[in-house]
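These protein sequences, in sequence, are chains A and B.
Taking my numbering, the leading residue of the first sequence gets 163, the next gets one more, and so forth.
Taking my numbering, the leading residue of the second sequence gets 109, the next gets one more, and so forth.
Even for Gly, the Cβ is constructed at its ideal location relative to N, Cα and C.
This one's a predicted model, so the numbers in the text were calculated from it and none came from an experiment.
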Amino acid sequence: MAEQAIKLGGKKQSTFIDKVKELLPEGGNLNLCLTCGACSSGCPATGLEGMDPRKFLRMAALGMDEEIAKTKWVWMCSMCTRCMYVCPMKINIPQLVYNARKLTPREERPKGILGSCDMALRSDTCSAMGATEEDFQFVVEDVLEEYQEAQPEFAEMAAPVNKQGAYYFLNQNSREPVTEPDEMVPLWKILHLAGADWTYGTKGWAAENYCMFLSDDDAWKHIVETKVKAVEDLGCKVWLNTE
Amino acid sequence: MQKFGIKANFEIKSIIQLYAQWIREGKLKPSSKWNEDRKIKFTVQDPCQLVRKSFGDPVAEDLRYVVRAVVGDENFVDMHPNRSNNFCCGGGGGYLQSGFAEERRKYGELKANQILATGAQYAITPCHNCHAQVHDLAEQRHHPWQTVHLWTLLCLSLGILGPNERVYLGDDLREVDVFHPESEM
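Set out below in structure tokens:
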């Protein structure tokens with residue numbers, strides 16, 4: 163039981179859930195909740211901050227916009243979409259969360275996510291760890307050379323950078339080139355043995371996208387456009403994720 | 109891209125799909141012989157982004173096909189629930205950078221219990237966020253599993269995993285079938 167009854171205003175004043183409905187196909191089905199609780203029963207974030215997906219949706223439906231804007235729970239939901247997957251009405255709660263993140267002013271959003279997004283915006287590499295085009299190319303070539311020598315069976319192995327017309331454009335999480343470059347090598351060996359025609363690009367190689375998690379649409383769009391352009395400029399047929 | 113109405117003249121794929129394709133085509137010939145007698149058990153995390161949010165159950169099948177080929181059919185133990193119905197580990201959505209570490213670990217308890225229930229010594233995490241989170245859960249809460257990338261095991265089963273490419277293997281596998289052991293640094 164709640165300690166005190168929640169008081170609702172007379173006339174519904176909410177604009178938040180209505181705004182989100184306008185953004186989503188079919189309104190995200192946001193007004194179709196049967197309150198069954200399938201979402202919450204299988205949500206790992208249930209209970210954090212006294213919140214769960216059903217409660218969050220009900221609060222939005224009841225117009226409790228102030229509480230929605232205030233709760234830190236929107237950063238504790240990973241937007242994994244399992245709630246929507248199990249929902250009999252396919253209600254898009256993750257999009258409600260995504261948009262609720264925007265209710266916190268940009269500069270007050272979690273510092274780590276904000277910093278990673280801003281770092282990615284600084285260069286065309288889109289690296290959230292700030293690795294530059296030169297850094298990336300240097301690390302790849304340096305590690306490749308080392309392994310070509312140490313493991314002669316792979317003397318002919320390649321890790322091309324900016325190879326025009328390669329079939330696959332491989333992206334790479336910043337973690338490997340920046341903190342554990344040896345971890346790129348198994349991947350290269352597999353590509354080599356399979357005979358894949360692939361390349362990295364100095365632009366747009368970084369796989370991560372924190373601007374999306376920051377709920378910054380403009381920045382997210384910029385990151386995606388930069389990466390798409392990088393793939394197209396090299397004339398690659400497949401944008402290949404390492405995961 | 110869909111969200112922003114960006115049209116592109118290329119496809120998007122996951123390398124997991126290609127691992128499976130290349131094994132099926134015989135371009136890669138992994139062997140699970142290294143695990144025939146050891147019988148080390150492996151489970152696999154279905155990344156939400158890869159499975160539920162992108163390619164659905166078919167890629168989850170590709171993933172299992174690769175894992176079984178690499179560790180041996182009888183040494184793979186699935187978590188429940190799994191595939192598109194799998195629980196998120198808590199590494200997604202920016203969680204790792206959000207500053208809410210305690211909440212993130214609390215969130216991860218469901219995943220930890222799922223992994224523990226399999227009895228597997230290794231959790232394979234074919235996603236960077238999953239890898240970081242599942243690794244952190246084991247470390248912080250002293251759980252017994254090792255957290256490993258799929259590329260590590262694929263190379264191990266191809267006999268081409270060098271000594272410096274084993275940072276996520278446990279003591280039980282660090283010395284197994286080392287490719288060019290003399291190059292250890």
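Taking the C-beta atoms as reference points, T364 (chain A) is found nearer than 8 Å to N324 (chain A). Secondary structure note for N403 (chain A): its beta strand (DSSP E) is the uninterrupted segment 400-403. Residue nearest to P256 (chain A) within the set A:V393, A:S377, A:L210 is A:S377 (criterion: CA-CA distance). A Cβ-Cβ distance of about 7 Å is found for the pair C398 (chain A) and Y329 (chain A), placing them in contact under the 8 Å criterion.
In this structure, the beta-carbon distance from Q241 (chain B) to L204 (chain B) falls below 8 Å. Across the region 265-281 of chain A, CB contacts with chain B closer than 7 Å involve P272, K273, G274, I275, S278, in sequence order along the chain. The residues S192, in chain order, have a CB closer than 7 Å to that of G164 (chain B) in the same chain once the five nearest residues on each side in sequence are set aside.
Taking a 10 Å sphere around the C-beta of C263 (chain B), we find 16 or more other C-beta atoms and assign the residue as buried. F316 (chain A) carries a helical assignment under DSSP once its states are collapsed to helix, strand and coil. When A:C245, A:V386, A:M251 are compared, the shortest CA-CA separation from G113 (chain B) is found for A:V386. Around the Cβ of I275 (chain A), a 10 Å sphere holds 16 or more other Cβ atoms; the residue is buried.
Around the beta carbon of R220 (chain A), fewer than 16 other beta carbons lie within 10 angstroms, which makes this residue exposed. If you draw a straight line from the Cα of K273 (chain A) to the Cα of R263 (chain A), it comes to about 13 Å.
Residues of chain A whose Cβ lies closer than 9 Å to the Cβ of S122 (chain B) are, in chain order, L402, N403, T404, E405. Proximity of K181 (chain A) to chain B, defined by a Cβ-Cβ separation below 8 Å, is not satisfied. Cβ-Cβ separation between R337 (chain A) and C196 (chain B): approximately 20 Å, too far for a contact (criterion under 8 Å).
For a cut-off of 8 Å, the C-beta gap from W382 (chain A) to V393 (chain A) is around 17 Å, too long to register as a contact.
Listed in chain order, the alpha helix (DSSP H) elements of length 4 or more contained wholly in the region 228-297 of chain A are 244-248, 255-263, 273-283. By the Cβ test, the region 155-171 of chain B is not in contact with the region 204-214 of chain B, since fewer than three Cβ pairs between them sit closer than 8 Å. Going by DSSP, Q254 (chain B) is part of the beta strand (DSSP E) stretching over 254-256. Taking C-beta atoms under 8 Å as the contact rule, V275 (chain B) and E318 (chain A) fail to qualify, at a distance of about 26 Å. With 16 or more neighbouring CB atoms inside 10 Å of its own CB, A207 (chain A) falls in the buried class. Taking a Cβ-Cβ cut-off of 7 Å, M319 (chain A) has no neighbours in chain B, whose nearest Cβ is about 10 Å from it. Close CB contacts of D286 (chain A) within its chain, under the 6 Å cut and outside five residues either way in sequence, are with K365, T388 (chain order). For F375 (chain A), the C-beta contacts it makes with chain B under 7 Å involve G201, G202, in order along the chain. Ranked by how close their Cα comes to the Cα of P314 (chain A), the residues B:D279, B:F287, B:L261, B:P234 have B:F287 in first place. Within the region 178-253 of chain B, the complete beta strand (DSSP E) segments at least 3 residues long are 230-232, listed from N- to C-terminus. Take the alpha-carbon of G134 (chain B) and the one of S122 (chain B): they are about 19 Å apart. Contact check between the region 220-237 of chain B and the region 245-261 of chain B: three or more CB pairs, one atom from each, fall below 8 Å, which counts as touching. The beta carbon of A128 (chain B) sits closer than 6 Å to those of D170, Y173, V174, all from its chain and outside the five residues before and after it, given in chain order. At a cut-off of 8 Å, the C-beta of E211 (chain B) has a neighbouring C-beta in chain A.
Taking 8 Å as the threshold, the shortest C-beta distance from L224 (chain B) to chain A does not fall below it.
Going by C-alpha positions, T233 (chain A) is about 30 Å away from S289 (chain A). Each residue's CA atom was taken as its position, placing V305 (chain A) and D297 (chain A) some 12 Å apart. Residues of chain A whose Cβ lies closer than 8 Å to the Cβ of P166 (chain B) do not exist, since the nearest Cβ in that chain is about 16 Å away. Short of 8 Å from the beta carbon of T260 (chain B), and not among the five residues preceding or following it, lie these beta carbons of its own chain, in chain order: L269, E273, R274, Y276, L277.
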